[in-house]
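See structure below.
Number of protein chains: 2
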Amino acid sequence: MRLRDENKRFAIREKALEMIVKDGFDGLSMHKLAKAAGVSPATIYIYFKDREDLILQLYFEESIRMSDATLKNFDPEMHFEEGLRVQWLNRAAYCLQHPQRMYFMEQMRHSPLHDKFREFGTPFVVAMKTFVSNAIRRKELVPLPVEVYWSIAFAPLYQLVKFHMGGKGMPGTGNFELSEPLIDQTLELVLKALKP
Amino acid sequence: MRLRDENKRFAIREKALEMIVKDGFDGLSMHKLAKAAGVSPATIYIYFKDREDLILQLYFEESIRMSDATLKNFDPEMHFEEGLRVQWLNRAAYCLQHPQRMYFMEQMRHSPLHDKFREFGTPFVVAMKTFVSNAIRRKELVPLPVEVYWSIAFAPLYQLVKFHMGGKGMPGTGNFELSEPLIDQTLELVLKALKP
DNA sequence: CAAAAATAAACGAACGTTCTTTTATTTAAA
DNA sequence: TTTAAATAAAAGAACGTTCGTTTATTTTTG
């Protein structure tokens, strides 16, 4: 029996991500991917059922990697302000350190392929829900639906990251670099909105 | 001389948008598009230079349509709270009335194709900048960089729209429908963050 | 040796685009 | 007012290429 070479799987995975980030899903062809990963086209089909399965597995693994990074040093029992700050810093750090992975995720999330993905993430979602209901119970956070909370709490951060990654802010505004003071400034405003 | 049939151009345009929304950029093939639009493949190349040009023109026209809708009943000289409210209602109405066009725009914005697009939008951007600097001068808005302003002011709205369009809110939360009270509630929090 | 990994080669289908021809419409001479 | 030249739109078939995937075979390793 010959064992699978996980390095090969990894190479396929990483090159696929690179290609998607560079040229979109359009740009991901199995032939080109095989060449880039130093592997025969048929080999890809040992590790992945087909092209769609490859993309979906990629997305699944990146989702886990991302939510792990998000929950670092985070505890749902934390006080609201502290917990939100930890999450902001975690998310910002991950985005800035792994712009490619981030861009892949965003591309995936906004593509029809995303619908074929079975949402998982129970541990992550559970942690978030606990955190929010704790905060409301302690009157550290105004009571609101989870979606409204999420919109106010995190959408601004990701929008800043998009400005940063696009290399430019508002069209015509020139370059925009996301710095720690800028993150702090925005977080303060978000807290102002969310705290009673 | 035979005149161009603008109905044909329109049919190609609309079907292309539908196909992209349904199956992503991957799903847009010139043959299938021609068939869907009731036209010969060669005809497409009379109206558009090539596949990429078709997508880029589509994006350009949708951008204009969207910013026009956004600026309806809006005047940069408005007071901050009123102006922001008008924009929120305009944007929300457009998103809810044209979910397909909205989804196309979001898909485009998060794809590598977006980089090949030359930003235009001067009238729109000028109006927004005037509005913001007016608001700051009148002390109706805390002073902050445009990108930070934008992140707080509009990212939450678009996140709500995404929840709404995805048919579900937070993963595992079940369905989420964007209603006017919900929009108002979120806008109030945004205003709380932005007003001095 | 057995069994799975890995490959090269090949498959038909589909791709984006172009070539050639036909059709529709305008222009202007008769 | 008729008719024919001129022109661009439109169509259909075809181009060579590349696509995703599979088959037949060889290589590697437990």
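Protein chains in written order, with our numbering: chain A, 1 to 196; chain B, 1001 to 1196. A virtual CB, placed ideally from N, CA and C, is assigned to each residue, including glycine. Note that the structure is predicted; figures quoted are calculated from it, not measured.
- DSSP places N1073 (chain B) in the coil class of the three-state scheme, outside both helix and strand.
- Of the other Cβ atoms in all chains shown, fewer than 16 fall within 10 Å of the Cβ of G1038 (chain B); this residue is therefore exposed.
- Shown here for A135 (chain A): same chain residues with a beta carbon closer than 7 Å to its own, the five before and five after excluded, namely F80 and L141 in chain order.
- If you ignore the 5 residues before and after A1011 (chain B), its C-beta comes within less than 8 Å of the C-beta of A1037, G1038 and V1039, all in its own chain and listed in chain order.
- Contact annotation: in the segment 1045-1079 of chain B, no residue has its CB less than 8 Å from a CB in chain A.
- Contact holds between the segment 102-122 of chain A and the segment 1018-1032 of chain B, because three or more Cβ pairs, one in each stretch, are under 8 Å apart.
- Not a single CB atom of chain A sits nearer than 8 Å to the CB of G1083 (chain B).
- Among the residues facing chain B, E14 (chain A) is not included, as its CB has no counterpart in that chain under 8 Å away.
- Restricting attention to B:L1056, B:M1078 and B:N1007, the CA atom closest to the CA of Q1107 (chain B) is found in B:L1056.
- Look at the beta carbons and you see the segment 1116-1125 of chain B not touching the segment 120-127 of chain A: under three pairs across the two are nearer than 8 Å.
- Within the segment 172-194 of chain A, those residues whose Cβ lies closer than 8 Å to any Cβ of chain B are, in chain order, G172, T173, F176, L182, Q185, T186, L189, V190, K192, A193 and L194.
- Taken atom to atom, the span from the alpha-carbon of L1144 (chain B) to that of E1018 (chain B) is near 39 Å.
- About 16 Å separates the beta carbon of P181 (chain A) from that of I1152 (chain B), a gap too long to meet the 8 Å contact definition.
- Taking a cut-off of 8 Å for Cβ pairs, the segment 86-101 of chain A and the segment 59-72 of chain A touch, as three or more such pairs fall below it.
- Within the segment 1057-1125 of chain B, the runs of alpha helix (DSSP H) that reach at least 4 residues and sit entirely inside it are, in chain order, 1080-1097 and 1099-1109.
- Residue contact with chain A for A1155 (chain B): present (Cβ-Cβ distance below 8 Å to some residue of chain A).
- Taking a beta-carbon distance threshold of 8 Å, W1150 (chain B) counts as an interface residue toward chain A.
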